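Numbering (the working numbering), first residue to last: 15 to 186.
Glycine residues also receive a C-beta, built at the ideal position from the N, C-alpha and C atoms.
Model, not experiment: these values are computed from the prediction.
Structure record follows, encoded as structure tokens.
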Amino acid sequence: MILGIVAVIGILQALLVGAMLWPVEPINRWLITYWSEMRMSLLVASAVVLVTFVVILLVALLRRSSVQDLTLSSNQGDVVISKRAIENMVSKTISSRHPVKNVVVDVDLYQRRSATKVKVDAHSLKQTELAEEGKRIEQTAKDKLAEVLGVPVKHATVHVHAAQETGVTHVV
């Protein structure tokens, strides 16, 4: 929505500047009539467009870009690990260590490998102690990712659903 408004402002600004520079007599007469108001409008429109594009440039430059494959380097060579392989490994580790089923893991990998994010969604085989189970699952996911990738997990989110779904999801 906001980008659409900025795009319309940018188009109008470009058209008005073009109309001022292009010698079309009817448009020039109309612009001269409203020149004082038009100058301030063009200045404000230019400021909005400038600020928007500076913000977009900063986001493009400073945003952490995620990757689908992670390359681990060692003195013996490089190993490329896919995101899906890491997710499957963490999912199987959680399934083998905790009383849960249907474990879905989503790992965000970054190029600089400074930290990762992980989201885990699982269905518990128990009805009680879901919060404690969620904390144990979170620790297992963090430990396994730190062991494999050699970097800490920045943020972990775990959703544990009760054994017999009653429409209520317990978020930990």
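- Annotation for Val104: the continuous alpha helix (DSSP H) segment containing it runs Lys97 to Arg111.
- Residue pairing for Ala176: DSSP places it in no beta bridge.
- Boundaries of the beta strand (DSSP E) harbouring Val114: Val114 to Tyr124, taken from the DSSP string.
- In terms of CA proximity to Val162, Thr85 leads the group Ile16, Ala74, Thr47 and Thr85.
- Our two residues, Leu144 and Asn102, have alpha carbons roughly 23 angstroms apart in a direct line.
- Rounded to whole angstroms, Arg98 and Lys115 show a C-alpha spacing of 18 angstroms.
- Our two residues, Lys158 and Val68, have alpha carbons roughly 40 angstroms apart in a direct line.
- Val69 sits in a helix when the DSSP states are folded into three classes.
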